[in-house]
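A.B. asks: At position 492 of the sequence shown the residue is numbered 492 (UniProt numbering), and the sequence of numbers has no breaks.
In this text, a Cβ means the ideal position worked out from N, Cα and C, and glycines have one as well.
One structure follows; several queries about it will come next.
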Amino acid sequence: MRGYGGGQAASGQVSEKWMLLNQIMREKKIAVLAVQEAHLDEERAGVLKRVFEETIEIVYSPDPDNRTAARGVAFVINKRIVKQPKYEYRVVREGRVLLLDLEWSPTKRLRILNVYAPNDMTRNAEMWDALTTANIGRVDIALGDMNVVEDPMDRLPPREDHEGARTALRRWMATRNLVDGWRRSNVDVKAYSYMHANNGHQSRLDRIYIKPRLEKDADNWEMGEPGIRTDHKLVWVDITDRESPFVGKGRWAMPKHLLKDDKMKKAMRQLAKRMVSEMEIMGERTAERNAQTIYCTFKTELVAAARVRAKEKIPKMQKRIEKLRSDLHATLNPVRQPACEAEEDAERKIAHAAILQERLERLEQKRFESTQRMTAARHNITNETLTKRWTRAAGTTTMTVLCAESIRELRDPEASDGRPTHTNHTKRMAEIAKSHYDGVQRVDPVDPSRDREKDIQDALEAMSAKLTNREKSMMAKKLMSGEVAEAIKTAASDKSPGLDGLQTEVWKEYVRWYEHDVKAGKGGIDVAKALANVYNDIVRYGVQEGTDFAVGWICPVYKLKKDKQDIENYRPITLLNSDYKIMTRALATKLADCVSGIIHEDQAGFIPGRSIFSHIKLARTMIEYAEAEEINGAIVALDQEKAYDRIDHDYLWEALRRANFPETFIKTMRNLYTNAESCVIINGIVSSRYLITRGVRQGDLISCLLFDVAIEPLVEALRKSTLRGFNLPGTNERLIAKLFADDTTVFLSEDDDYRVMEEVTSKWCVGSRAKFNLAKTEIIPVGSKEHRDRVRRERRIGRVGGSVTDGAHITEEGEAVRILGAWVGNKIDECAVWSRIVNTVRTNLEKWAKRSPTLNGKHLIVGMEVGGRTQFLAKAQGMPEKVEQSLNRIVQAFIWGEGKKPKVARDTLWGELEDGGIKLLDLSARNEAIELVWLKSYLDFTEKHQTWTLLADTLMAKAVAAESKKC
């Protein structure tokens with residue numbers, strides 16, 4: 001590296017050169033970097049490890065005589081590529097030779113030797129002789145600065161090196177069975193890794209030796225300028241694990257920077273103008289020429305233009321660098337090699353090559369510095385701001401990055417011998433996933449002997465709520481350009497696109513341009529109106545074949561702590577085209593204004609004005625109320641298998657019809673699902689497509705509301721059944737069921753027959769083709785202690801009726817069960833349910849602390865990690881005082897350091913900026929605010945009062961009476 005850093009870094013600081021080294025590894029995607037002249041001692045290495053803990057791992061051996069002098073070797077492992085690296089290392093020769101034994105794959109290890117040989121030829125030979133006799137085991141790769149060349153052609157001008165050093169090196173290579181990989185791949189090519197600044201002479205001192213058996217796994221032998229000020233080039237090779245799956249290109253996505261490119265913006269405007277004009281003069285609709293085909297042509301041309309422009313936007317500097325590299329190669333390797341080169345020509349060649357090399361190094365440094373400045377600028381802009389770039393920096397986010405990790409192997413259920421086996425063939429894995437997700441639609445096929453129409457009508461029998469005529473009329477109206485424009489503007493940004501590669505930002509730009517042009521008095525290009533025309537054409541005629549409007553792609557995301565080789569343990573995340581999601585968002589906005597009238601308040605999922613917290617509060621309050629009043633029964637949490645994927649389409653259309661939806665809307669939904677297709681992408685390889693014949697597609701807003709309509713008949717059937725549930729005090733209402741989308745909680749009294757609930761749910765499942773996994777049901781006995789014990793002992797909720805299904809779990813005393821994201825149970829430890837969150841907060845704040853954030857940064861981090869991670873549970877079930885105190889101690893240690901006395905009073909930090917504070921999260925105040933919100937809900941005496949408040953009234957009255965007796 002030639003020096004620790006420009007203007008040697010002060011004690012405790014990271015040198016500029018090592019910062020650049022981190023950038024090189026990120027930019028060039030280097031997994032393992034061998035460094036010579038590392039200039040590391042314990043203090044410097046400690047600083048580097050602390051700063052780069054999340055991105056790189058450093059193993060080093062310093063010069064034993066002068067630990068920060070020119071000698072010293074190190075390995076740098078890129079954690080972005082080598083996840084959670086597992087390795088061992090051995091110092092073979094201090095400051096000169098370091099051996100790394102790295103786990104390369106689950107079944108393979110690579111033993112890599114980092115060498116920095118002496119300049120003195122006698123000592124050079126001695127070192128190779130010592131390595132020949134050293135007991136260091138197998139060496140797969142040896143790389144570094146050898147300071148000696150084997151062949152005269154590896155020097156310019158050509159000359160032979162010291163015979164003793166060359167012989168010792170060759171002997172060692174033969175003993176270890178190693179070969180010069182670059183030379184064997186570039187037999188007659190001349191290229192050099194080091195140039196003497198004083199005379200322009202060059203040599204290939206830096207080499208990578210490899211085992212012959214690994215040659216088939218090695219590719220892209222290269223050497224080039226690293227971009228930082230050093231006198232040696234970077235030499236690298238790609239080593240491929242042949243057992244690892246092939247990684248393809250994946251689906252294309254439009255680079256967002258093109259939306260700021262003038263040429264691209266001009267092309268976008270021209271293409272949109274042509275589309276709008278063609279729609280206006282289209283005339284009579286035909287199958288070959290209509291709004292959908294015109295739009296499809298526009299989109300095809302837009303994608304093509306974006307692809308072309310993305311390739312054109314190669315920086316001019318990069319083109320100059322490539323030209324210089326080509327000229328240097330031609331100079332060193334002329335087409336016609338003279339048999340005997342004249343001395344004058346040789347000197348001219350050396351001088352010309354030196355000039356080209358110097359220019360190349362300067363340009364590469366300039367390009368690298370430009371990249372560094374851009375990176376620094378982005379860092380300065382986004383650092384300590386609530387952006388993805390900064391919030392992911394400490395590696396504490398739980399956000400899923402789609403397809404970030406490859407799938408190495410999947411179980412193949414269709415092996416030729418009939419027995420399950422495994423495959424790592426990517427195309428086959430993609431097809432396995434596709435077959436699995438397609439197969440989910442085919443489970444529990446319709447029994448041909450049954451009357452399908454009757455089953456559907458039986459499942460819908462209890463449904464009585466209907467849209468009003470006004471609401472029906474509103475749902476029947478065509479989509480207007482204003483509705484489409486609003487859907488575009490409210491759509492989420494920075495999301496992964498569908499197969500067409502066009503993000504929502506593309507349509508946002510078009511709407512922004514149109515509104516700007518209209519304000520300026522120009523004739524804008526109304527793309528929203530064009531999209532409205534396309535959507536209304538789909539409503540009337542269906543999705544045009546060949547347009548791929550309703551095609552989605554599935555990204556399987558691994559569910560933690562399960563078998564990675566089983567595709568069932570990957571959650572299918574469906575990504576749809578942005579224009580498809582804009583259409584369904586516009587429709588969902590209309591539907592949301594109407595659906596609350598036909599969906600009972602027992603359903604809180606995705607209905608405006610309703611909250612999951614009310615249902616959680618009700619379940620928790622019911623446990624306390626039932627015990628206090630000795631009203632015996634049970635809370636039953638039902639588990640629905642792949643709820644969104646199993647709903648039958650014929651059932652769904654009939655449910656919409658029964659709810660008085662207009663045929664126009666039902667036809668729209670049918671058109672979107674008829675011939676809709678999905679494919680799976682694994683490791684960048686796209687599977688074949690399959691038809692969506694069942695379920696509602698996750699990934700667009702309207703699916704959630706459609707599912708609410710689909711499951712509403714079940715809730716009505718439970719309410720109209722012979723189940724008594726719990727009588728709510730002071731009313732004639734019965735509490736029987738509460739839902740949040742598919743999460744169904746049933747309240748049974750001791751007079752209820754468990755089998756009646758099973759019969760009702762079974763009847764609905766037959767018609768809708770959904771499935772409740774009754775074996776995974778969670779049952780919480782409520783009421784007196786004697787009743788709760790009897791339920792567990794007899795596995796029967798009431799004294800009469802059927803017993804609980806085998807496999808259903810009846811909770812024990814003190815056992816917390818997760819319902820709707822909160823923890824519910826009898827006599828549960830309220831502090832224990834917080835332990836995981838508290839530990840996560842502690843661990844994450846420790847990670848953040850290693851990045852040395854400023855006080856302002858710490859304020860944001862506390863808001864994210866403490867406030868964000870505790871908000872839901874604090875509102876759902878309250879935060880115990882002990883937990884609050886524990887979190888406050890963790891925050892204090894993070895702000896000031898573990899065991900250090902605070903420099904500013906906590907009350908000051910909580911204060912406003914103008915009062916000298918930083919508005920640090922005040923947990924106590926936040927928790928009090930949550931309690932006040934609950935109090936406000938409790939004191940709401942209108943018809944909108946929440947069910948749990950009726951139970952709370954009784955509990956409070958009982959508590960007041962008990963206190964009065966004491967007085």
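With distances taken between CB atoms, is the gap from GLY821 to ILE456 smaller than 8 Å?
C.D. replies: As a first step, residue 821 is located in the sequence shown; it is residue number 821 there, counting from the start. As a first step, residue 456 is located in the sequence shown; it is residue number 456 there, counting from the start. For GLY821 and ILE456, no; Cβs fall outside 8 Å.
A.B. asks: In terms of residues, what are the limits of the alpha helix (DSSP H) holding ARG793?
C.D. replies: Here residue 793 corresponds to residue number 793 of the sequence shown, with the count starting at 1. Residues 785-794.
A.B. asks: Determine the burial state of ASN199: buried for a count of at least 16 other Cβ atoms within 10 Å of its Cβ, exposed for fewer.
C.D. replies: Numbered from 1 along the sequence shown, position 199 holds the residue referred to as residue 199. So ASN199 ends up on the exposed side.
A.B. asks: Alpha carbon to alpha carbon, how far is PHE246 from LEU723? Give it in angstroms, no decimals.
C.D. replies: The residue labelled residue 723 in the question sits at position 723 within the sequence shown. The residue labelled residue 246 in the question sits at position 246 within the sequence shown. Using only the alpha carbons, I get a separation of about 57 Å.
A.B. asks: Could you tell me if PRO556 is buried or exposed, where buried requires 16 or more neighbouring beta carbons within 10 angstroms of its beta carbon?
C.D. replies: On the sequence shown, residue 556 is found 556 positions in, with the first residue counted as 1. By the 10 Å Cβ count, PRO556 comes out buried.
A.B. asks: Please name the residue, chosen from ASN660, GLU677, VAL804 and LYS466, that lies closest to ALA637 on a Cα-to-Cα basis.
C.D. replies: Within the sequence shown, the letter at position 637 stands for residue 637. Closest by alpha carbon: VAL804.
A.B. asks: With a cut-off of 8 Å on the beta carbons, I'd call ALA775 and GLY807 a contact; round off their distance for me.
C.D. replies: In the sequence shown, counting from the first residue as 1, residue 775 sits at position 775. In the sequence shown, counting from the first residue as 1, residue 807 sits at position 807. Correct: roughly 3 Å between the Cβ atoms.
A.B. asks: Roughly how many angstroms separate the alpha carbons of ASN119 and LYS86, rounded to a whole number?
C.D. replies: In the sequence shown, counting from the first residue as 1, residue 119 sits at position 119. In the sequence shown, counting from the first residue as 1, residue 86 sits at position 86. Taking the straight line joining both Cα atoms gives about 34 Å.
A.B. asks: With DSSP as the reference, please indicate the residues paired to GLN36 in a beta bridge.
C.D. replies: By 1-based counting over the sequence shown, the position of residue 36 is 36. The partner list for GLN36 (beta bridge, DSSP) reads VAL73.
A.B. asks: Going straight from the alpha carbon of ASN333 to that of LEU102, what length do you get?
C.D. replies: For the purposes of this step, residue 333 is identified with residue 333 of the sequence shown, where counting begins at 1. For the purposes of this step, residue 102 is identified with residue 102 of the sequence shown, where counting begins at 1. Cα-Cα distance, rounded: 37 Å.
A.B. asks: Name the residue from LYS590, ILE210 and ILE407 whose alpha carbon lies nearest to the alpha carbon of GLU243.
C.D. replies: Taking the sequence shown and counting its residues from 1, one reaches residue 243 at position 243. When only C-alpha atoms are compared, the closest one is ILE407.
A.B. asks: Check each candidate in ALA634, PRO315 and GLN36 and name the one with the smallest Cα separation from ILE736.
C.D. replies: In the sequence shown, counting from the first residue as 1, residue 736 sits at position 736. If we check each option's Cα against that of ILE736, ALA634 comes out closest.
A.B. asks: Buried or exposed: where does PHE368 fall if 16 or more other Cβ atoms within 10 Å of its Cβ makes it buried?
C.D. replies: Against the sequence shown, residue 368 aligns to sequence position 368. By the neighbour-count rule (16 or more Cβ atoms within 10 Å), PHE368 is buried.
A.B. asks: Suppose contacts are defined by Cβ-Cβ distances below 8 Å. Is LEU950 in contact with THR731 by that definition?
C.D. replies: As a working note, residue 950 is residue 950 in the sequence shown. As a working note, residue 731 is residue 731 in the sequence shown. Result yes, Cβ atoms of LEU950 and THR731 sit closer than 8 Å.
A.B. asks: Count the other CB atoms, across all protein chains shown, that sit within 10 Å of the CB of VAL401; report buried if there are 16 or more and exposed otherwise.
C.D. replies: Taking the first residue of the sequence shown as 1, we reach residue 401 at position 401. Legend: pLDDT at VAL401 = 46, less than 50; position of this residue unreliable, value from coordinates given subsequently. Result: exposed.
A.B. asks: Kindly list the residues whose CB is nearer than 7 Å to the CB of ARG795, restricted to its own chain and excluding five residues on each side of it in sequence; keep chain order.
C.D. replies: Counting from 1 along the sequence shown, the entry for residue 795 is found at position 795. Taken in chain order, the residues that qualify are SER803, VAL804 and ILE810.
A.B. asks: How is the beta strand (DSSP E) around TRP221 delimited, first residue to last?
C.D. replies: Counting from one through the sequence shown, the residue named residue 221 turns up at place 221. Per DSSP, TRP221 belongs to the beta strand (DSSP E) from 218-224.
A.B. asks: Excluding the five sequence neighbours on either side, which residues of its own chain have a C-beta within less than 6 Å of the C-beta of residue 969, listed in chain order?
C.D. replies: There is simply no residue 969 to check, as the chain begins at 1 and stops at 967 in what is shown.
A.B. asks: Considering only C-alpha positions, which residue in the set LEU178, ILE210 and GLY227 is nearest to ASP219?
C.D. replies: Numbered from its first residue, the sequence shown carries residue 219 at position 219. That would be ILE210, whose Cα lies nearest to the Cα of ASP219.
A.B. asks: Going residue by residue through the segment 250-317, where are the continuous alpha helix (DSSP H) segments of at least 4 residues, counting only ones entirely within it?
C.D. replies: 262-280 and 291-312, all fully within the segment 250-317.
A.B. asks: Is the beta carbon of PRO572 less than 8 Å from the beta carbon of ILE554?
C.D. replies: Position 572 of the sequence shown, counted from the first residue, corresponds to residue 572. Position 554 of the sequence shown, counted from the first residue, corresponds to residue 554. A contact, by the Cβ cut-off of 8 Å.
A.B. asks: Please go through the same chain and pick out, in chain order, the residues whose beta-carbon is closer than 6 Å to the beta-carbon of CYS403, but skip the five residues on each side of it.
C.D. replies: To locate residue 403, count along the sequence shown from 1; it is residue 403. Any reading at CYS403 needs caution, since the residue's pLDDT is 48, under 50, leaving its predicted position unreliable; the model's value is listed next. Taken in chain order, the residues that qualify are CYS555.
A.B. asks: In whole angstroms, give me the CA-to-CA distance for LYS903 and TRP896.
C.D. replies: Within the sequence shown, numbered from 1, the residue matching residue 903 stands at position 903. Within the sequence shown, numbered from 1, the residue matching residue 896 stands at position 896. Their Cα atoms are separated by approximately 7 Å.
A.B. asks: Is GLU884 closer than 8 Å to VAL920 when the C-beta atoms are compared?
C.D. replies: Residue numbering aside, residue 920 sits at position 920 when the sequence shown is read from its first letter. Residue numbering aside, residue 884 sits at position 884 when the sequence shown is read from its first letter. The sequence given here places Leu at residue 920; Val does not occur at that position. Not in contact: LEU920 and GLU884 (Cβ atoms no closer than 8 Å).
A.B. asks: Let me check understanding here. Comparing Cα to Cα, which of ALA905, LEU575 and TRP182 lies closest to CYS679?
C.D. replies: Here residue 679 is taken as the residue at index 679 of the sequence shown, counted from 1. Nearest option by C-alpha distance: LEU575.
A.B. asks: So GLN372 and LEU20 are in contact, right, with Cβ under 8 Å, and what is the actual spacing, rounded?
C.D. replies: Residue mapping note: residue 372 aligns to position 372 of the sequence shown, counting from 1. Residue mapping note: residue 20 aligns to position 20 of the sequence shown, counting from 1. Rounded, the Cβ-Cβ distance is 7 Å, consistent with contact.
A.B. asks: Under 8 Å by Cβ, that's how I've got SER930 and ALA893 pegged, so tell me the actual separation to the nearest angstrom.
C.D. replies: Counting from one through the sequence shown, the residue named residue 930 turns up at place 930. Counting from one through the sequence shown, the residue named residue 893 turns up at place 893. Checking the sequence, you will find Ile at residue 930 rather than Ser. Not a contact, Cβ separation roughly 25 Å.
A.B. asks: Determine the closest residue to GLU94 out of ILE81, LEU113 and LYS83, with distance taken between C-alpha atoms.
C.D. replies: Within the sequence shown, residue 94 is the residue found at index 94, counting from 1. Of the candidates ILE81, LEU113 and LYS83, the one whose C-alpha sits nearest the C-alpha of GLU94 is LEU113.
A.B. asks: Three or more C-beta pairs under 8 Å: does that hold for the segment 51-58 against the segment 74-83?
C.D. replies: Touching, yes, given that three or more Cβ pairs across the two stretches are closer than 8 Å.
A.B. asks: Taking the alpha carbon of ASN186 as the reference point, which residue from TRP221, ARG836 and HIS201 has its own alpha carbon closest?
C.D. replies: Position 186 of the sequence shown, counted from the first residue, corresponds to residue 186. Closest by alpha carbon: TRP221.
A.B. asks: Are ARG309 and ASP238 touching if we call contact CB-CB under 8 Å?
C.D. replies: Mapped onto the sequence shown, residue 309 falls at position 309. Mapped onto the sequence shown, residue 238 falls at position 238. No, the Cβ-Cβ distance between ARG309 and ASP238 is not below 8 Å.
A.B. asks: Does the ligand PLP have a heavy atom nearer than 7 Å to the CB of GLN565?
C.D. replies: Questions concerning the ligand PLP fall outside what the structure shown contains, since it holds no ligand whatsoever.
A.B. asks: Around the C-beta of GLN946, are 16 or more other C-beta atoms found within 10 angstroms, so that it is buried, or is it exposed?
C.D. replies: On the sequence shown, residue 946 is found 946 positions in, with the first residue counted as 1. The residue in question, GLN946, is buried, as its Cβ has 16 or more Cβ neighbours within 10 Å.
A.B. asks: Relative to the C-alpha of GLU431, which residue among VAL443, ASP412, ASP447 and VAL440 is closest?
C.D. replies: Indexing the sequence shown from 1 puts residue 431 at position 431. Ranking the options by Cα distance to GLU431, first place goes to ASP412.
A.B. asks: Once the 5 residues before and after ALA619 are set aside, which same chain residues still bring their CB inside 7 Å of it?
C.D. replies: Locating residue 619 in the sequence shown gives position 619, where the first residue counts as 1. Answer for ALA619: ILE635, THR745, ILE819 and VAL824, listed in chain order.
A.B. asks: With a cut-off of 8 Å, do at least 3 Cβ pairs link the segment 523-542 to the segment 262-279?
C.D. replies: Result yes; three or more Cβ-Cβ pairs closer than 8 Å.
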